[in-house]
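*Asks:*
Residue numbers (this note's numbering), protein chains in the order written: chain U, 1 to 259; chain Y, 260 to 518.
Here you go:
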């Protein structure tokens, strides 16, 4: 039976892999690497660096790398169309993964997908594998190796907690935050925000803890009262995007009680 | 200057430490271990096992273990009294930590607090260290090493995501869940629930993903529609508590849209 590991590889620092992840890497015959396109080729390189750091290479290398191009996601389909567009994109991705597993992974081999952060947060890999299994054309077992999420890495760098004592925290997307500050919580982590949605709340008594490229040599951190920190983050973000061509950032908003 | 590492050591599996955590352990001179009392002495042993797994011992051991008794927390002070009771308890704990750091850690030494899961989730260590620094009697630098939270470990074992596509997830406490299902989210992770609060929602179309002692040899998992799974979890929980004298569990509730 084919085996597949879905391995969380942390937010960017190769030392943020767990020992369990390293063991899973070392038991893998075939790594499936999906390239999201030119601007994100840094990320492909970072994944290769992680493999190089933890696996023997050169003639001692016993693994194969299989690379493929991720399907383009229709980001133009905004608003209510978000979920269906994601669904189409996921099916397109499932087609590619299914073909890779069927053609590149031997019946007794182990394959692995390397997922940034933790596979449980805003990652499609588990859903895609379930979709492939539902189709029934290829069969395999799989397991999930949890990783340090960019969320955990972010707050560790800021030396703060996700929640305050006895209170809840919500993890959400930039798109959701644009619809309003979530009900019933004052601590909100925002991921996948391409539009600096935090700026909409700069008139409220909120602290922000922001980070980009967390755990990598390019890491940038900023924190403070939102009103004064938001413009600084906007500048840092723009400069970093110009320099690198892409950005991955996350932030925590911590709202203070109204007096 | 004294240095302190606050190290997330994962949910119980020694392989769930990160390489960064292992490096931090190995650069530590003094480990501060707080015992919560007899019933949780298993947890102290588990921490020692983790040290044994990753550090040289016997005559090669270069570290010291300093153990102390955690102050009793006034759990009787329920309801609105929760936060103040936590505050008092935290100050009592800060007194102990302050004394330990002042008396047991040399000026050029590194100390470490080992935190289950991730220090950012429902853990008081960071707040306590800030309180000690605010008091000003002892000074030190500190850093935070993120860990695999019981939340990440739970959903990895269940091979599911924390969030559904493009949707938020909330992490909250049993006490909060008892006040009502949180607004605006259908995916809710519940921690610190001594009262099986999930039972209140068994009449709704909700799936539960539950786990206890995750990552340890005693791990127990259960999942399924809440109505039929809740009674089974209640039995598993009671039997495990009788057997071990304590339980640490976490769960994800996933509500389905109303038709």
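Where is the CB? At the ideal position from N, CA and C, for every residue including glycine. Everything numeric in this text was worked out from a predicted model, so none of it was measured.
1) Who pairs with residue 267(U) in a beta bridge, going by DSSP?
2) Pick out the complete alpha helix (DSSP H) segments inside the stretch 412 to 495 of chain Y, 4 residues or longer, and give them in chain order.
3) Please work out which residues of its chain come closer than 8 Å, Cβ to Cβ, to residue 257(U), disregarding the five sequence neighbours upstream and downstream, and give them in chain order.
4) For residue 401(Y), which of helix, strand or coil comes out of DSSP?
5) So, is the C-beta of residue 373(Y) closer than 9 Å to a C-beta in chain U?
6) Just to confirm, are residue 415(Y) and residue 146(U) a CB contact at a threshold of 9 Å?
7) Give me the subset of the stretch 158 to 191 of chain U whose CB atoms are less than 8 Å from a CB atom of chain Y, sorted by chain position.
8) In the DSSP assignment, the beta strand (DSSP E) including residue 277(Y) goes from what residue to what residue?
9) For chain Y, find out if any of its Cβ atoms is closer than 9 Å to the Cβ of residue 138(U); answer yes or no.
10) Give the residues from the stretch 91 to 105 of chain U that approach chain Y closer than 8 Å (Cβ to any Cβ), ordered along the chain.
11) Cβ closer than 9 Å: which chain U residues qualify as neighbours of residue 472(Y)?
12) Can you give the beta carbon distance from residue 153(U) to residue 11(U), rounded, assuming they're within the 8 Å contact cut?
13) If you measure from the beta carbon of residue 406(Y) to each beta carbon in chain U, is any gap under 9 Å?
14) I need the boundaries of the alpha helix (DSSP H) containing residue 261(Y), first residue and last residue.
15) Between residue 513(Y) and chain U, is any beta-carbon pair separated by less than 9 Å?
16) Quick one: which residues of the stretch 9 to 25 of chain U get their C-beta closer than 9 Å to a C-beta of chain Y? List them in chain order.
17) List the endpoints of the continuous alpha helix (DSSP H) containing residue 124(U).
18) Measuring only the C-alpha atoms, how far is residue 330(Y) from residue 351(Y)?
19) So, under 8 Å CB-CB, residue 311(Y) and residue 20(U) are touching, yes? Tell me the CB distance rounded to an integer number of Å.
20) To the nearest angstrom, how far is the alpha carbon of residue 237(U) from that of residue 47(U)?
21) Figure out for me which residue from 234(U), 202(U), 6(U) has the closest Cα to the Cα of residue 119(U).
22) Determine the DSSP secondary structure at residue 112(U), reduced to helix, strand or coil.
23) In angstroms with no decimal places, state the Cα-to-Cα distance between residue 142(U) and residue 427(Y).
24) Can you list, in chain order, the residues of its chain whose CB lies under 6 Å from that of residue 114(U), leaving out five sequence neighbours each side?
25) Indicate whether residue 274(Y) and residue 18(U) have their beta-carbon atoms separated by less than 9 Å.
26) Answer with yes or no whether the minimum CB distance from residue 201(U) to chain Y is below 9 Å.
27) List the DSSP bridge partners of residue 255(U).
28) Considering just the uninterrupted stretch of the alpha helix (DSSP H) at residue 137(U), what are its terminal residues?
29) Any beta carbon of chain U sitting closer than 9 Å to that of residue 403(Y)?
30) Mind pulling the chain Y residues with CB within less than 7 Å of residue 118(U)?
31) What number of angstroms, rounded off, separates the C-alpha of residue 81(U) from the C-alpha of residue 131(U)?
32) Check the Cβ-Cβ distances between residue 510(Y) and every residue of chain U, and say whether any is below 9 Å.
33) Using the Cα positions of residue 103(U) and residue 469(Y), report the straight-line distance between them to the nearest angstrom.
34) Shorter than 9 Å from the beta carbon of residue 415(Y) to some beta carbon of chain U?
35) Return yes when the Cβ of residue 28(U) is within less than 9 Å of the Cβ of residue 117(U), no when it is not.
36) CA-CA distance, residue 230(U) and residue 150(U)?
*Replies:* Here's the rundown:
1) The requested residue 267(U) is not part of the displayed model; chain U covers only 1 to 259.
2) 433 to 437
3) 186
4) strand
5) no
6) yes
7) 159, 160, 161, 162, 163, 165, 166, 167, 168, 169, 170, 171, 172, 173, 175, 176, 182, 183, 184, 185
8) Secondary structure note for residue 277(Y): it is in no beta strand (DSSP E), with a DSSP letter that is neither H nor E.
9) no
10) none
11) In chain order: nothing, as chain U lies at least about 16 Å away.
12) 4 Å
13) yes
14) Careful: residue 261(Y) lies outside any alpha helix (DSSP H) and carries neither H nor E.
15) No - not a single Cβ of chain U is within 9 Å of the one on residue 513(Y).
16) 10, 11, 13, 14, 15, 16, 17, 18, 19, 20, 21, 22, 23
17) From DSSP, residue 124(U) is part of no alpha helix (DSSP H); its letter is neither H nor E.
18) So the two alpha carbons sit approximately 6 Å from each other.
19) 18 Å between Cβ atoms; not a contact.
20) 23 Å
21) 6(U)
22) strand
23) 26 Å
24) 7, 9, 47
25) Yes, the Cβ-Cβ distance between residue 274(Y) and residue 18(U) is below 9 Å.
26) The beta-carbon of residue 201(U) is placed no less than 9 Å from the nearest beta-carbon of chain Y.
27) 206(U)
28) Premise fails: residue 137(U) is in no alpha helix (DSSP H) and is neither H nor E.
29) yes
30) 411
31) Bear in mind that the predicted position of residue 81(U) carries a pLDDT of just 47, short of 50, making it unreliable; the figure below should be weighed with that in mind. Cα to Cα, residue 81(U) sits roughly 21 Å from residue 131(U).
32) no
33) Taking the straight line from one Cα to the other gives about 36 Å.
34) Residue 415(Y) has a beta carbon lying within less than 9 Å of a beta carbon in chain U.
35) no
36) 20 Å
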